[in-house]
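Working notes, beginning with the structure itself.
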Amino acid sequence: MIVANPIYDIVFKYLMEDERVARTILSALLKKDVVEVHTRRNEYANQQRDSLSIFRIDFGATIREADGTEQLILIELQKTWLETETLRFRQYLGAQYANKENITGSGRGEHALPMVAVYLLGHKVGDIEEPVVYVNHQVCDYNERPVTKGVPDPFVESLTHNSIIVQIPRLHGRINNRLDKVLSIFDQTRADSHDSQTLNIDADMYGDDTEMQPILHRLVAAAADAEMRHKMNVEDEFFSVLEKRETEIMMQEERLQQQAKKLQQQGEKLQQQDEKLQQKDSELQSMLRKSVMALQSSGMSLETIATTLGQDIETIRKSIS
């Protein structure tokens with residue numbers, strides 16, 4: 203089965219606009235039952251392209267806990283194909299904390315909704331080998347013992363957030379659990395060797411999975427849509443230009459480093475020459491001092507010594523001072 207590659211912003215946006223698809227993907231990531239999900243109006247797709255190209259969608263999701271209770275949370279989903287500065291992610295989260303629409307309650311009971319940040323990264327994070335990592339906050343006392351009474355608390359949940367980091371390049375077709383199966387649609391090892399805009403999917407892997415079928419159908423539809431393909435071409439052109447620019451910047455930085463290295467070597471060479479000149483000058487001063495003292499001990503006056511040695515009288519005086 204040939205499907206559109208959801209690493210492209212336009213395909214990913216089209217995929218997540220379907221509530222059933224969004225619930226399936228978010229449920230797998232959160233490892234919870236997402237009962238209801240809706241895109242919040244502060245959705246931000248990076249239409250004004252810049253050098254970092256981060257695609258973001260904000261969700262409000264109602265999740266059902268194991269005990270049957272339901273809770274409304276915020277999910278800040280951010281996807282990037284390029285290696286990007288963490289500062290951009292932090293700035294965006296800061297903006298969401300400051301957003302009054304993310305506040306619930308009133309008066310003294312007012313607090314921010316619990317937040318989960320999901321990062322779909324098109325690059326690897328250091329030496330972390332696990333394709334998906336969960337960064338969860340824990341409430342502890344002074345002795346680092348977990349605090350359970352009164353937790354979770356709205357005040358605590360308002361000040362901290364959990365994170366889920368997905369390293370797409372670490373997805374290598376391994377399907378060991380539900381999340382692996384859902385994320386397999388992002389596995390770039392399945393990309394068509396002649397067309398990076400599509401993936402070759404083994405439909406038999408998902409034949410008995412009713413929740414995965416809407417995802418596949420939507421990706422198949424995207425692959426066959428001419429307008430969608432055109433927008434994917436635009437993304438390819440943008441990344442091609444960006445890649446070329448970054449390559450030029452890297453080459454320029456390399457040239458500057460080489461020039462800096464040459465200047466440093468020249469500086470070291472000049473310093474060595476200066477040290478040699480200083481050493482020679484010191485040797486000449488020592489020889490002059492010895493000559494002056496020897497001639498002076500023979501009864502010769504300083505004026506006569508200056509004339510004999512071809513030096514001015516002040517130089518002679520300084521040599522023995």
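Numbers in my numbering are just positions in the sequence shown, counted from 1, shifted up by 202. Virtual Cβ for every residue (Gly too), placed ideally from N, Cα, C.
_Buried/exposed call for Thr400, threshold 16 Cβ in 10 Å_ = buried
_Looking only at its chain, what residues have a beta carbon closer than 7 Å to the beta carbon of Arg376, apart from the 5 residues adjacent to it on each side?_
Asp382
*Three-way DSSP call (helix, strand, coil) for Ile518 in this model*: helix
*Touch check for the stretch 276 to 283 and the stretch 320 to 327: three-plus C-beta pairs under 8 Å?*
These segments touch.
*If we ignore side chains and look at the alpha-carbon of each, how far apart do Val223 and Ile265 end up?*
15 Å
*Collapsed DSSP secondary structure at Leu373 in the structure displayed*: coil
*asked:* Starting from Ile277, trace the beta strand (DSSP E) in both directions and tell me its first and last residue.
replied: Glu272 to Thr282
*Rounded to the nearest angstrom, how far is the Cβ of Ser521 from that of Leu490, given a contact under 8 Å?*
5 Å
*Anticipated Cβ contact below 8 Å, Ile366 with Val334, distance rounded*: 7 Å
*In angstroms, rounded to a whole number, what distance separates the CA positions of Asp389 and Phe357?*
38 Å
*asked:* Does Thr362 pass the burial test, meaning 16 or more other C-beta atoms within 10 Å, or should it be called exposed?
replied: exposed
*Please list, in chain order, all residues of the same chain as Asn207 whose beta carbon is under 7 Å from its beta carbon, the five residues on each side excluded.*
Val213, Ala393, Ser398, Gln399, Thr400 and Leu401
*DSSP state of Val436, grouped into three classes?*
helix
*6 Å Cβ shell around Ile403 - same chain, five flanking residues per side excluded*: Met203 and Val205
*Cα separation between Met218 and Arg380?*
In a straight line, the C-alpha of Met218 is about 18 Å away from that of Arg380.
*Looking at C-alpha atoms only, which residue of Leu232, Leu274 and Tyr336 is the closest neighbour of His240?*
The residue with the shortest Cα to Cα distance from His240 is Leu274.
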